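Residue numbers (the working numbering): 41 to 1051. Note that beta-carbon positions come from the ideal geometry of N, C-alpha and C, so glycine has one too. Bear in mind that the values here come from a model prediction, so they are computed numbers and not experimental data. Here is the structure we will look at, set down as structure tokens.
Here you go:
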């Protein structure tokens, strides 16, 4: 019996008889496969001991076979064809009537299928032109089986098979039955937005419920596709899209066969590749030597065509059909080749090679024959009446998703749709301008990624967007898609780049990237064009690579071969598992603390879910699994050390220190006020946090608790008040305002903070710093159009710092109108056109009359509401470099749940309010002051945190000292009252609502720094 038939039969039996197959391999050897078992059973049926017996079906004989004493008896049924050959073999689980009847039914249907297959072929085995009418339907059914959608038809199939005359028909004929029902009077058509796909609700005789199907017909009205509408309605658009793609593919296939489709150089390669493969490889090697991109076959065909057009000694072979003979020598080859080339009004029409053993007349005849065949097909497909002439239209193709920021925008909109319980891609095509079909080729109905990783790498600007794409896929509940996003270069790829540079010293990073099939942007990040500083990647970057351990030696060898001996010697030794665990834990300490605190509060929370809440790096769930035990408790250091390979005793102190810092205990009682004392010109700050642990060193010396200026101590027990970095991609307007604020703050160093407000009603952007002099300079800067010019002049590394990232992003948005996201397009248009407002009023204290410097957001609020009325400002449309301080939050009437920073102990900060009273209110109401952990794992209040009175970043970086200052409840209150001019704490709300009125700018010199 032929092997292919056995292979097909075993594919149907392997799941049902997996246990028997395992026993067979244990006896006869592990190299045996399923078809071997069937062949052995067939051979055994010829032995006298096989106990043959007849069945109810004349062609089928039953045997009882025992291949070995260690194997059970096997019931084998064989089907004998009319010519005496074995046509089928099946296995029954037992000799019961039900088991035999089930196998016999399968064999009968299979025989019917083989008969229709034979009738559809001629004597040579080719499909008949007039016969084989079931072939398309059978292929459609095979497609449904491959997709796993045939199960959706099972209930219909059972009812249909019960109808008279259908019990012996193959399964795929049920599709023909359903197609007839779609044309029947009881079929109800459902309107969908598709030119080629129809939807029907059908009532099948014998079934209680109706069924819902999609149908696509060919041009001649025969069935092309029939799909069952899934129970999950959100999958319907993707199913319609898949059926439509089938129509597009069929049109492309037909035009290709008829010769009326688009001609690409690759189409001409098929008849050439058998004869010119050697020349093609030589051409590719020539391009490699020239450090150019390695070409594909289409490029080689273009090269041959260009050589033919430049050939001045060509000869006419067939003037009537415009066939010419050319002798050319491709790049990389030494010997010439002879080509026959035919052209028409569309350009190159045919290209053939005249190689050894071939005659000119034979090749010419082949080209003429192909031409005649194409003309016959074209005339057969032409309309019977001449069509009126149509003016040529420019070929237009639908927009494609080519930029990573487009994918980011699509995912942002999908996140918003999901939050509103809408279909994920509802309305996304209208907003982004990308066709719905293209979107559904990228994103699945559940938010998962459909395209391969290579497609992502080919998107422009992918690595700039990768972090945001990771977060967006996570928000969509697709962590697997997030994990599959290609990262930066691996250590293995870096070795390949170094080896390629060794082989091609003159190649630049772009050429090297193409040689090793890596993304050019990623290669350019870590390598330079010049030889002296070729490898830019630092040791920290290299050691963090996941495969650094495996390819450390390869990196060293490649660097030495390039002559970078010192660089090779300076490569850090790879970390073992224990060292890598502790390094990652120390670098990501604060995000880990937040996640551990969440797991402590909710013991049922899984590590993957806790990591998703923090939205950090992919390896975090594995790290949390090692840290956290049952019930959300932190595991003991000894237990963690036992799970880490190569853990040495010298690592024990570091592990215990980190575990002490991670301690997730979060007190549920009242918060306390913690002071970070003044330092130089920097005023003090009051933080509403949970009580930090005492300083053990100071207590051991008998001293009073130390109040360190280090922010890490203040937040030691307040992991819930530490916010991990997050993406503003879902809030495009705020994101653009933050970029603008960062750029202006970096340009005007006197300003400690900058805030911006978008007024969509009037299409204006209000901008302010916390310094009157800076505001005057900003107003002149923006009014003269200097923003765009400064952005164009930016030439730094766009990944070097937060300011560089924001500057690069804003420049891209203002330079390229198509890159502007739909949610912020009006705002960015206003920014590009210079529609700015900057308040330049000078403010004075309501109590002393002294000049003060209000915080930036309060300046915007006063100026805006002074012009358009109280309450006209929408507090949700303001964004900037800092989080609002405690007083700004009060001034804006922010809800208790809104995040805010600490209170600043200065006159400017507390203008119009009783700082101490409000701080005590917040403490009693457990309204904490938030801090941020940066991308580098550092805790700070400098970025996206609070409104400052001075250069907070400089203060945080200044040498830290300690002081034995008492708690805030005693000394700090008294000191604060002195600083604030000894205002009465009984100041009423009415008094607080009478802040100092702004005055016009005066000629008095501004203060050197804001106080």
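{"Check": "When the Cα of residue 574 is compared with those of 546, 265 and 97, which residue comes out closest?", "Outcome": "546"}
{"Check": "Report buried or exposed for residue 676, applying the criterion of at least 16 other Cβ atoms within 10 angstroms of its Cβ.", "Outcome": "exposed"}
{"Check": "Do residue 512 and residue 463 count as a contact pair if the criterion is CB distance below 9 Å?", "Outcome": "no"}
{"Check": "Look up residue 76 in the DSSP assignment and say whether it is helix, strand or coil.", "Outcome": "helix"}
{"Check": "Give the DSSP-derived three-state secondary structure of residue 288 in the structure shown.", "Outcome": "helix"}
{"Check": "Using alpha carbons as the reference points, say which of 731, 801 and 820 lies closest to residue 787.", "Outcome": "820"}
{"Check": "Decide if residue 349 is buried, meaning its Cβ has at least 16 other Cβ atoms within 10 Å, or exposed.", "Outcome": "exposed"}
{"Check": "For residue 795, which beta-bridge partners are listed by DSSP?", "Outcome": "808 and 920"}
{"Check": "Quick one: give me the first and last residue of the beta strand (DSSP E) that residue 397 is part of.", "Outcome": "It is not in any beta strand (DSSP E) - residue 397 carries neither H nor E in the DSSP assignment."}
{"Check": "Alpha carbon to alpha carbon, how far is residue 220 from residue 226? Give it in angstroms, no decimals.", "Outcome": "11 Å"}
{"Check": "Considering only the alpha carbon of each residue, which of 189, 967 and 145 lies closest to residue 202?", "Outcome": "145"}
{"Check": "Just how far apart, CA to CA, sit residue 866 and residue 850?", "Outcome": "14 Å"}
{"Check": "Tell me, to the nearest whole angstrom, how far the beta carbon of residue 266 is from that of residue 218; I am working on the premise that it is less than 8 Å.", "Outcome": "6 Å"}
{"Check": "Count the other CB atoms, across all protein chains shown, that sit within 10 Å of the CB of residue 446; report buried if there are 16 or more and exposed otherwise.", "Outcome": "buried"}
{"Check": "With residue 111 and residue 79 assumed to form a contact (beta carbons below 8 Å), what rounded beta-carbon distance in angstroms separates them?", "Outcome": "With a Cβ gap of about 15 Å, residue 111 and residue 79 do not count as contacting."}
{"Check": "Along the chain, where does the beta strand (DSSP E) that runs through residue 491 open and close?", "Outcome": "Taken as a continuous stretch (DSSP letters only), residue 491 belongs to no beta strand (DSSP E), as it is neither H nor E."}
{"Check": "Quick check: the stretch 898-908 against the stretch 789-803, are at least 3 beta-carbon pairs closer than 8 Å?", "Outcome": "yes"}
{"Check": "Here's a check: name, in chain order, each residue in its chain whose Cβ is nearer than 7 Å to the Cβ of residue 480, leaving out the five neighbours to either side.", "Outcome": "277, 278, 281 and 465"}
{"Check": "Quick check: what's the CA-CA separation for residue 243 versus residue 520?", "Outcome": "40 Å"}
{"Check": "Determine the extent of the alpha helix (DSSP H) in which residue 201 is found, giving its start and end residues.", "Outcome": "194-201"}
{"Check": "Measuring alpha carbon to alpha carbon, tell me which of 287, 340, 672 and 268 ends up nearest residue 236.", "Outcome": "287"}
{"Check": "Buried or exposed for residue 473, going by 16 or more other Cβ atoms inside 10 Å?", "Outcome": "exposed"}
{"Check": "Measuring only the C-alpha atoms, how far is residue 882 from residue 822?", "Outcome": "20 Å"}
{"Check": "Which term fits residue 591, buried or exposed, when burial requires 16 or more other beta carbons within 10 angstroms of its beta carbon?", "Outcome": "buried"}
{"Check": "Using only CA atoms, which one of 321, 825, 659 and 632 lies nearest to residue 522?", "Outcome": "659"}
{"Check": "Give the C-beta separation of residue 364 and residue 341 to the nearest angstrom, bearing in mind that I take them to be a contact with Cβ-Cβ under 8 Å.", "Outcome": "Rounded, the Cβ-Cβ distance is 16 Å, inconsistent with contact."}
{"Check": "Between residue 612 and residue 504, what straight-line distance do the alpha-carbon atoms span, to the nearest angstrom?", "Outcome": "27 Å"}
{"Check": "Can you name the residues that DSSP bridges to residue 364?", "Outcome": "356 and 381"}
{"Check": "Report the three-state DSSP secondary structure of residue 513 (helix, strand or coil).", "Outcome": "helix"}
{"Check": "Would the stretch 877-891 and the stretch 804-820 be scored as touching if the rule is three or more Cβ pairs under 8 Å?", "Outcome": "yes"}
{"Check": "Going by the DSSP bridge assignment, what does residue 252 pair with across the sheet?", "Outcome": "241"}
{"Check": "For the stretch 645-683, list the alpha helix (DSSP H) runs that are entirely contained and at least 4 residues long, ordered along the chain.", "Outcome": "647-654, 660-667 and 677-682"}
{"Check": "Please work out which residues of its chain come closer than 8 Å, Cβ to Cβ, to residue 535, disregarding the five sequence neighbours upstream and downstream, and give them in chain order.", "Outcome": "591, 594, 595 and 598"}
{"Check": "Which value, in whole angstroms, describes the spacing of the CA atoms of residue 871 and residue 712?", "Outcome": "43 Å"}
{"Check": "Alpha carbon to alpha carbon, how far is residue 636 from residue 941?", "Outcome": "23 Å"}
{"Check": "Taking one C-beta from the stretch 121-128 and one from the stretch 58-78 each time, how about it: are there three or more such pairs within less than 8 Å?", "Outcome": "no"}
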